[in-house]
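Working notes, beginning with the structure itself.
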Amino acid sequence: MKEQLEHLVSMTDERLSVQVIPNGMHSGLMGGFVIATLETGRDVLYAETAVRGITTDDLEDVAVALERFDAIRSEALPINMSIDLIKKAVAEKWT
């Protein structure tokens, strides 16, 4: 686990950030999803369901997912606090 946390910290740069979501209920528990922006500028949503994954470029669906992404980010610790928390966990004793 220590190595995995160190890897998370080492991967952060101007294009990739890591934010920790505090324990408990949050918007991210409703299922995984990915939003990809195509070269054309159009967003595409891939969402996991209990049965299968769904890919769509429906504007309303993408807008809902973007709102959920914003909600998740607002519930997360700021980037600098998240990195500090991960570094603190790395410094703890691991067996």
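Numbering (this note's numbering), first residue to last: 247 to 341. The beta-carbon is built from N, C-alpha and C at its ideal position, and this holds for glycine as well.
Check: 3-residue-minimum beta strand (DSSP E) runs that sit fully inside the stretch 293-330, ordered along the chain; Outcome: 299-302
Check: Exposure of residue 256, with buried meaning 16 or more beta-carbon neighbours within 10 Å; Outcome: exposed
Check: Status (buried if at least 16 other CB within 10 Å, exposed otherwise) for residue 320; Outcome: exposed
Check: Where residue 254 sits in the DSSP three-state scheme; Outcome: helix
Check: At least 3 beta-carbon pairs within less than 8 Å: the stretch 316-332 vs the stretch 285-301; Outcome: no
Check: With 16 other Cβ atoms within 10 Å as the buried cut-off, status of residue 300; Outcome: exposed
Check: C-alpha distance - residue 326 paired with residue 280, whole-angstrom precision; Outcome: 24 Å
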